[in-house]
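Okay, structure first, notes after.
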Amino acid sequence: MPQVTLTVNGKQHSVEVEGRTLLVELLREKLRLTGTHVGCDTSQCGACVVHVDGNSLKSCTTLAVAVDGCSVTTIEGLAAADGTLHPMQEAFREYHALQCGFCTPGMVMSAVDLVQKHPEGLSEQEIREGLEGNLCRCTGYHNIVKAIDAAQEVMHGRRASVAAAAE
Amino acid sequence: MDTGVENATPFAGIGASVKRKEDLRFLSGRGHYTDDISRPGQTHCWFVRSPHAHARIASLDTAAAAGMPGVVAIFTGADMTGIGGVPCGWLIHNKDGTPMREPPHPVLAQGKARFVGDAVAMVIAETRQQARDAAEAVTVEYDVLPAVGMDNALTPGAALVHDDVPGNLCYDWHIGDEAAMRAAFSGAKHIVTLELTNNRLIPNAMEPRSAIGDYDPTTGDHTLYTTSQNPHVIRLLMGAFVLNIPEHKLRVVAPDVGGGFGSKIFHYIEEAAVTWAAARIARPIKWTADRTESFMTDAHGRDHVSVAKLALDEHGTFLGLHVATRANMGAYLSTFATSVPTYLYATLLAGVYTTPAIYAEVKAVFTTTVPVDAYRGAGRPEATFLLERLVDVAARDTGIDKLEIRRRNFIKPDQFPYQTPVALEYDSGDYFSTLEMGLKAADWAGFEARRAAARAQGKLRGIGISTYLEACGIAPSAVVGALGARAGLYEVGTIRVHPTGSVTVLTGTHSHGQGHETTLAQLVCDQLGVPFDKVDIVHGDTAKIPFGMGTYGSRSLAVGGSAMVKAMDKIIAKAKRIAAHLMEASVEDVEFANGEFRVAGTDKTKAFAEIALTAYVPHNYPIDEIEPGLEETAFYDPKNFTYPGGCHIAEVEIEPETGHVRMVNFTAVDDVGRVINPMIVEGQVQGGVAQGIGQALLEACVYGSDGQLLSGSLMDYTMPRADDLAPVSVATHTTLCTHNPLGVKGCGEVGAIGSPPAVINAVVDALKEYDVRHVDMPATPAKIWSIIHGSAQRAAAE
Amino acid sequence: MYDFDYHKPTTVADAVALLAADPDAKAVSGGHTLIPALKHRLNKPTSLVDLSGIAEMKGIKQVGNAIVIGAFTRHVEVATSALVKSTIPALAYLASHIGDNQVRNRGTIGGSVSNNDPAADYPSAVLGLGATIHTSSRKIPADEFFLGMFTTAMEPDELLVAIEFPIPEKAGYAKMKNPASRYVMAGAFVSKGPAGVRVAINGAAACVFRQAEMEAALAANWSPEAVAGIKQPADDMNSDIHGSAEYRAHLVTVMAKRAVAAAG
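Protein chains in written order, with the working numbering: chain U, 705 to 871; chain Z, 255 to 1052; chain E, 40 to 303.
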């Protein structure tokens, strides 16, 4: 069986997989990182979004063998080592941008990549369009959009905290 | 803000937008959902499902599959002897008093498959992929029978879904006074008729259903981990009716659950299958649906076809209402399916109006589709859509302004309590105020200018309103029992005060997004004066919680919160006796406020935590009179439903060239009773509105005439995305519920109930130049274009 | 999905050899069409040949009056390429509107064009710009490449290596998305340049096609009004729960008009 070596949240792993093993299966079942979820089978819901070499992707549509040698960040690796939340996590909490929490890890990882790729800033409409690959059934997205808007200010150094951006 | 108080604990009682306790684990990837659980020695299960809507199983051969790599066991319906079928929880009686038809719902198909996805066999293997590999090697020969849909189920000579259910009719039920309705119609100036459908929906909670059966052969203990909104109900139904396992040997755990919206209330066959089979193989078995299975097997929602008639006098006063509805039950009766188009639907047809004579008849039919049951709102959105569309059409047909016709017929504030002609007695409400607030917030008065501005851009803008009412916190047990409910509808709360004064609450409700760990903790802060971080809420485990009916129908605060208040009253009563002893006072003189016991009129006080410690370390204690410990349980049975209501206003813009309807604005003003956490209430309304907009504009479950599910994946079923929706402005206006201790009404479903007619009323308004009277949901681009295009063609032909 | 052997060659020649050696092998690039199909067990390849390690299939460059894009170039790279944006902005626009961010981070132009999904975006640009397909063995003009639904002129062991797009004077793209899948319900890619005036329609029929009547009208008068009155016959249009053939035929005209307007 193929062997895959990859770095996940800063830690190197070498794992035996089947050719058909998906990245999300490797994360959830082999590494027991169950924060990354599977919500659909057509690559649309985005509950499985992780970062690979700095880009967000759907880990349910990526073969584990295809990320050999890559660096993966999951929701478990987003906060600082001392537990300080990433501004996006903080903003989701501040703005009540999550309810059942199932879409949340993918939504947060997707939002972090979206904001990082747009240092010029995103309008409300651009944030909504930027979430095309993530479904949430609970929130109606209203507060998710607000949270991302607040987080981008902090991530780009224009505000000190998501709470400050709220005003 | 400088409060002048150092380290002041932020106010976390009733009315505070406290940030949620549950968020940190969800945001860190440390949520604990069913599929995250891995039991030692766990096997995996895949179900062989019927590819046909309706077929006799001619033969079933598992021999080849049994020899596949990793296969542990394969079971079919023939193996499942001595167990029951999945029961229905509500008995409905026909017009003639006879009971409804209630065909069995076997765990695995017995001789016949009745919908695409009906489970025929279960394959258990070491891995999920091996189970799926082997499932494909199970050979099933089917004799295909004709599919049965809503359009042909009641047609004479139609194929029968169940051989012993003539005409595919589950029941023919009615409510209200037919003679009074007919008298009202005979004297009416106007009779407005509207035929409409309430589109079938697929709930699509983001977490697919999952179940793990576990069994300890040394003790005979069964455990089921499952994605459920109500683990005790599952234990009761599965233990008592399906598998004959007594409660003390059956534990049901519903850990973090990723959304329910009703679809995770019901007892599903997969839960029984893994629990039963785990005992056969003495190993844990996990089943997790993929999204395709969710589409095929989660209970769907809505699916009504109705004819509604409203009789009015010359002033636009509603005189009578007659509704005839066909409701789809699907292939089998799901847990609460039968109650949805009856007591959760027709009882709501008075809405917020004083219509004196109402008569509704409902035919429930079996079809070869997945069972239909409660989905966010359950019956009440169907009633509200019918009524609020009918009122708009009545305004159009009579030439009376759509706001004016509503005001003329509103139940007035001094008419409460108000007895409707369809069984309910409303306790409180203020429909005039929510209407006025809504009109102001949505700038109704300025709309025509916005319409003109849109027109200049080639867009058709419309505004729509719905003044709705719902009933939630379903109860009282004695009443619903008389109406056919087969369970009590009380709730249970245990308040466990620990020796140092911190509190664990055991609640029979279940949180799957609602934020109970926060809101219910706020109740404890408020009532016992215990700091927010000293309160934890435990739910979702029959081994920990005494009992409970779970979470559905916006009942958790109104019923579950009330049970907690009742238990806290007992805690306070006992603690006062302890405090009286310690302070050498008479118990009648002890007051309790802000977490402190005080002898009235003195400076003698005892903190709540001191009393707790004394209760557990009873050295100086009236041990002959009072038991040690400080823990109380209460069962609360509601005295009535609660009646949230309000006003929803939608504004849309249509692009005539493509038919695309864009949500521009949505305003909700809701009376949900007392608000415990405004942040969470807003979130609940926004989420509900999104589902309502989804129903109105996007979502349609479509079966082909052969019974195949055409909208069977996210490729074909339109889930609302962020850019399909607009900001939702939420405000509340409170009238208190008069019969529960908190004055709360419920906020989980109002969004999904009030919004669909507001959106469709806006779409119809936008299309007014095309002489459109009604648009059925969902108002997709193709549908709107064909309305506009058809109108243009007619104009050209004239 | 069924299990398979996995290969990751580093040259086109090796990849072709692997495909030639196993008739049930499949090439995979971004995988965003193939992997979902495999997950639904709609496909049972014995081996997958991963093209991500082949350097010669990557990159975007200008060669004379054409832009050549390697097959293993991801949508996000085309969408954000300064070269593409300055020479064929309509192509960058198209790439920036395929699927969602995560799809664009993985999906490749070669994968999309080889697959020839009728609801995909890229085939309209290839046909609408009169591009040339460079395969492992030959060059195929766009007009001869797209044969039908999920069918192209390539042989099973032939690999798409690069696509050569002539730089047009003007080009524009517009589409109506399927509300559910967000794939193309009807789209139009229009251009005027070395390959003449071209109108390629995607999403609406079983395969991307050129709309000759619109091309003639635009050749005479390059303006949105020139195509606004041209009706696409509904006969060969797709029809499903999201829209009738008539609706799609109507959208063809609307999208063509918008594409011309976008082209300027």
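Using N, Cα and C, we set each Cβ at its ideal position, and we do this for glycine too.
Nearest-angstrom Cα separation, counted from residue j out to residue i
| i | j | result |
| --- | --- | --- |
| T257 (chain Z) | A266 (chain Z) | Unreliable placement is indicated for T257 (chain Z), whose pLDDT of 38 sits below 50; no coordinate value is reported for it. |
| Q856 (chain U) | T808 (chain U) | 17 Å |
| G1005 (chain Z) | F639 (chain Z) | 13 Å |
| V259 (chain Z) | A847 (chain Z) | With a pLDDT of only 40 at V259 (chain Z), under the threshold of 50, the placement of this residue in the model should not be trusted; the figure read from the coordinates follows. C-alpha separation (whole angstroms): 20 Å. |
| V117 (chain E) | S163 (chain E) | 15 Å |
| A262 (chain Z) | T765 (chain U) | For A262 (chain Z), the predicted structure reports a pLDDT of 46, less than 50, and the residue's modelled location is therefore unreliable. A value from the coordinates is still provided. Near 49 Å, if we compare the C-alpha coordinates of T765 (chain U) and A262 (chain Z). |
| P180 (chain E) | G146 (chain E) | 23 Å |
| L774 (chain Z) | I930 (chain Z) | 9 Å |
| V115 (chain E) | S135 (chain E) | 7 Å |
| Q945 (chain Z) | Q707 (chain U) | 44 Å |
| V398 (chain Z) | H286 (chain Z) | 42 Å |
| R237 (chain E) | G169 (chain E) | 8 Å |
| A64 (chain E) | G268 (chain E) | 47 Å |
| S16 (chain E) | M224 (chain E) | Lying outside 40 to 303, the shown extent of chain E, residue 16 (chain E) is not represented and no answer is given. |
| K687 (chain Z) | G283 (chain Z) | The amino acid at residue 687 (chain Z) is misidentified as Lys; the sequence shows Ser. Between S687 (chain Z) and G283 (chain Z), the C-alpha separation is close to 43 Å. |
| A508 (chain Z) | L478 (chain Z) | 8 Å |
Cutoff 7 Å: residue i Cβ touching any chain U Cβ
| i | result |
| --- | --- |
| G948 (chain Z) | no |
| A695 (chain Z) | no |
| T546 (chain Z) | yes |
| G512 (chain Z) | yes |
| Y161 (chain E) | no |
| R113 (chain E) | no |
| E40 (chain E) | In the sequence under discussion, the amino acid at residue 40 (chain E) is Met, which differs from the Glu named in the question. Taking Cβ atoms only, chain U reaches closer than 7 Å to M40 (chain E), which makes this a yes. |
Residue-level contact to chain Z via CB, residue i, 7 Å cutoff
| i | result |
| --- | --- |
| E830 (chain U) | no |
| G103 (chain E) | no |
| V299 (chain E) | no |
| V293 (chain E) | yes |
| E720 (chain U) | no |
Chain E contact residues for residue i, given Cβ-Cβ distances below 8 Å
| i | result |
| --- | --- |
| A1036 (chain Z) | H281, G282, S283, Y286 |
Proximal chain U residues relative to residue i, where beta-carbon distance stays under 7 Å
| i | result |
| --- | --- |
| H766 (chain Z) | C804 |
| R179 (chain E) | The question names Arg, but residue 179 (chain E) in the sequence shown is Ile. Going along chain U, no residue has its Cβ under 7 Å from I179 (chain E), so there is no contact; the nearest lies around 28 Å. |
Proximity test, Cβ basis, 7 Å: residue i and chain E
| i | result |
| --- | --- |
| D1030 (chain Z) | no |
| Y685 (chain Z) | no |
| W541 (chain Z) | no |
| D970 (chain Z) | yes |
| C757 (chain U) | The residue asked about is misnamed: residue 757 (chain U) is Asp in this sequence, not Cys. For D757 (chain U), the answer is no, since every Cβ of chain E falls outside 7 Å of its Cβ. |
| L761 (chain U) | yes |
| D256 (chain Z) | In this prediction, D256 (chain Z) scores a pLDDT of 41, lower than 50, which makes its location untrustworthy; no coordinate-derived value is stated. |
| T912 (chain Z) | yes |
| R724 (chain U) | yes |
Assumed close pair residue i, residue j - CB separation to whole angstroms, cut-off 8 Å
| i | j | result |
| --- | --- | --- |
| L968 (chain Z) | C744 (chain U) | 5 Å |
| K820 (chain Z) | F851 (chain Z) | That belief does not hold up - the Cβ atoms of K820 (chain Z) and F851 (chain Z) are roughly 20 Å apart, past 8 Å. |
| S720 (chain Z) | P1011 (chain Z) | 4 Å |
| I378 (chain Z) | A531 (chain Z) | 6 Å |
Within chain U, the residues that residue i reaches when beta carbons sit closer than 9 Å
| i | result |
| --- | --- |
| K273 (chain Z) | R797, E798, H800 |
| M550 (chain Z) | Those do not exist, as M550 (chain Z) stays about 12 Å from chain U at its closest Cβ, beyond 9 Å. |
| N453 (chain Z) | None at all; the shortest Cβ gap to chain U is about 17 Å. |
Under 7 Å from the C-beta of residue i: neighbouring residues of chain Z
| i | result |
| --- | --- |
| L166 (chain E) | Within chain Z, no residue comes near L166 (chain E); the closest Cβ sits about 23 Å away, beyond 7 Å. |
8 Å Cβ cut-off: residues of chain Z touching residue i
| i | result |
| --- | --- |
| H289 (chain E) | W1039, H1043 |
Proximity test, Cβ basis, 7 Å: residue i and chain A
| i | result |
| --- | --- |
| K850 (chain U) | Protein chains U, Z and E are contained in the structure displayed, whereas chain A is not. |
Per-residue contacts from residue i into chain U (C-beta, under 8 Å)
| i | result |
| --- | --- |
| P75 (chain E) | D745, T746, S747, T765 |
| V142 (chain E) | S747, K762, G837 |
Select from the region 210 to 243 of chain E all residues with a C-beta closer than 8 Å to any C-beta belonging to chain U, and list them in chain order.
-> S220, R221
Below 7 Å between beta carbons is the criterion; list the residues of the region 938 to 964 of chain Z that meet it against any residue of chain E, in chain order.
L952, V956, L964
Practice item. Report the residues of the region 253 to 279 of chain E with a CB closer than 7 Å to any CB of chain U, ordered along the chain. Key: none
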